[in-house]
Amino acid sequence: MGKTHTIAAGTRAQVFRLFSSSIPSTITFTATAPQGEVTGTIEVDRWHWFHWTHETLPLCAHNAIEKGFGDVDFLIHVTPDQDCTLTFERRGLGLGLMLAILAALVVVALAVVMIVLTVEPTPR
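In this text, residue positions in the sequence shown follow my numbering: the first is 112, and each later residue adds one.
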């Protein structure tokens with residue numbers, strides 16, 4: 112289960128921001144309301160190739176928004192017509208995978224340094 116936002120009816124709330132990232136991804140979230148079907152608007156602002164673009168989408172029960180390579184800064188605002196709860200799905204490996212790769216590189220670098228420092232130089 113991912114991050115959850117509870118938004119009151121008619122309130123415009125920033126629910127997602129990705130700053131300075133050009134990695135393409137899909138932001139997916141579900142919207143649920145205590146009574147009835149979820150309606151409202153989703154506003155997506157993208158810094159796409161040196162200018163801001165604005166896109167308005169309808170709020171549905173299941174939402175998926177594509178973030179492309181050129182969308183460096185990316186904001187999502189939601190304005191529901193009734194009280195609702197948004198639940199973002201996990202975005203995959205992301206930061207955890209990057210940290211694991213970085214840790215593996217540090218271990219390999221330390222091993223190389225230890226080998227270089229412990230090998231006797233050959234006489235010439």
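Idealized CB from N, CA, C, for every residue including glycine.
If you're wondering where the values come from, they're calculated on a predicted model, not measured in any experiment.
Rounded C-alpha distance that separates A175 from T137: 6 Å
Residues that DSSP places opposite A124 in a beta bridge: V189
Start-end ranges of the beta strand (DSSP E) lying completely within the region 135 to 201, minimum 3 residues: 136 to 143, 151 to 159, 163 to 169, 173 to 178, 182 to 191, 195 to 199
Pair within 8 Å by beta-carbon distance, D192 and W158: no
Residue interval of the beta strand (DSSP E) (run including T117): 115 to 118
Cβ neighbours of T152 in the same chain (closer than 8 Å, five flanking residues each side left out): T167, L168, P169, L170, V189, T190
L197 burial status per 10 Å Cβ neighbour count (16 or more: buried): buried
Anticipated Cβ contact below 8 Å, L208 with K178, distance rounded: With a Cβ gap of about 18 Å, L208 and K178 do not count as contacting.
Member of F199, F180, A215 whose CA lies at the smallest distance from the CA of I134: F180
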